[in-house]
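S.K.: Quick one: this structure, given as structure tokens, is what I'll be asking you about.
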Amino acid sequence: MTLEDLQDDVEKRYAEFGEDLSVSLDGETRNELAMLSVALDPEDADELVHRAVHMLFQSMVDRGQLDFHLRSSYDATYDEYLSGMTFDEMTGGNQFPQAEDNDDRRYQF
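Listed below in structure tokens is the structure:
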């Protein structure tokens, strides 16, 4: 898959989510959400879910896990997604292809 596939899939999934997302909670998640709700006293539980998604996203970006998953599925990184160009396109690496032959003379004077 390519960067274009990633962009298409993100847009499609974004549209599927819509404004409201119904999520079922298991007992452990419900208990943790209740504890956080008591401790942080947000206006509603939705605010905690928003924070949780932001924290998970940032954590995955910071640790390189998002790039790992994107690279393995789409052969792209989050930075490439944001810029709309692959690394080769950004650096011009695809404009000047290197010969595949062994260039041993490069280091000779």
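When we follow the numbering used here, the leftmost residue of the sequence shown carries the number 61, and every step to the right adds one.
All C-beta atoms in this analysis are idealised placements derived from N, C-alpha and C, irrespective of residue type, glycine included.
For T151, count neighbouring C-beta atoms within 10 Å of its own C-beta (all shown protein chains included) and say buried if the count is 16 or more, exposed if not.
M.R.: exposed
S.K.: Anyone know if the C-beta pair for Y138 and D127 falls short of 8 Å?
M.R.: Yes, Cβ-Cβ distance for Y138 and D127 is below 8 Å.
S.K.: In this structure, does DSSP put L96 in helix, strand or coil?
M.R.: helix
S.K.: Just to confirm the assignment, what range does the alpha helix (DSSP H) spanning R73 have?
M.R.: 63-77
S.K.: How many Å lie between E76 and L100 at the Cα?
M.R.: 30 Å
S.K.: Please tell me whether L108 and S97 are closer than 8 Å, where the distance is taken between their beta carbons.
M.R.: Cβ distance < 8 Å, so L108 and S97 count as in contact.
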